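Notes follow the structure.
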Amino acid sequence: MAPILIVKDLLSRRAISKALHIFLGIFITLVILGILGVIVYLFCVHYLPTIFLNFAARKAKKEVQKQVKKQVSKQVQKHAQKRAEKHQREADGAAGAGV
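First residue of the sequence shown? That's 1 in full-length UniProt numbering, and the numbers climb one at a time after it.
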């Protein structure tokens with residue numbers, strides 16, 4: 001009778017051991033998936049928006065620089081035209097006085 005009890009005891013220990021291994025395997029898998037989830041979450045919530053915002057900011061900055069350059073160019077042309085008209089009036093005045 002004693003050997004049968006020993007065998008049953010070993011079988012129950014193996015079953016408990018196997019169940020413990022399965023539980024630990026599932027637990028460790030869930031922990032790893034949780035860590036990966038946190039990494040993906042941080043990547044999607046913090047890193048990706050930063051990339052897109054930097055890209056949008058760079059694009060907007062280039063657009064603003066284009067507009068400023070265009071505006072400055074218009075102002076320079078307007079100033080040059082006024083200066084040319086002033087010189088033209090002075091030349092016409094000098095030519096009229098000299099005749």
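Even for Gly, the Cβ is constructed at its ideal location relative to N, Cα and C.
Here the structure is a predicted model, which is why all the values come from computation and not from measurement.
Contacting residues, own chain, Cβ-Cβ under 8 Å from residue i (five flanking each side not counted)
i, result
"Val31", "none"
"residue 145", "The requested residue 145 does not occur in the structure, where the chain is confined to residues 1 to 99."
"Ile51", "none"
Sequence ranges, alpha helix (DSSP H) only - wholly within the UniProt region "Disordered" (71-99), length at least 4: none
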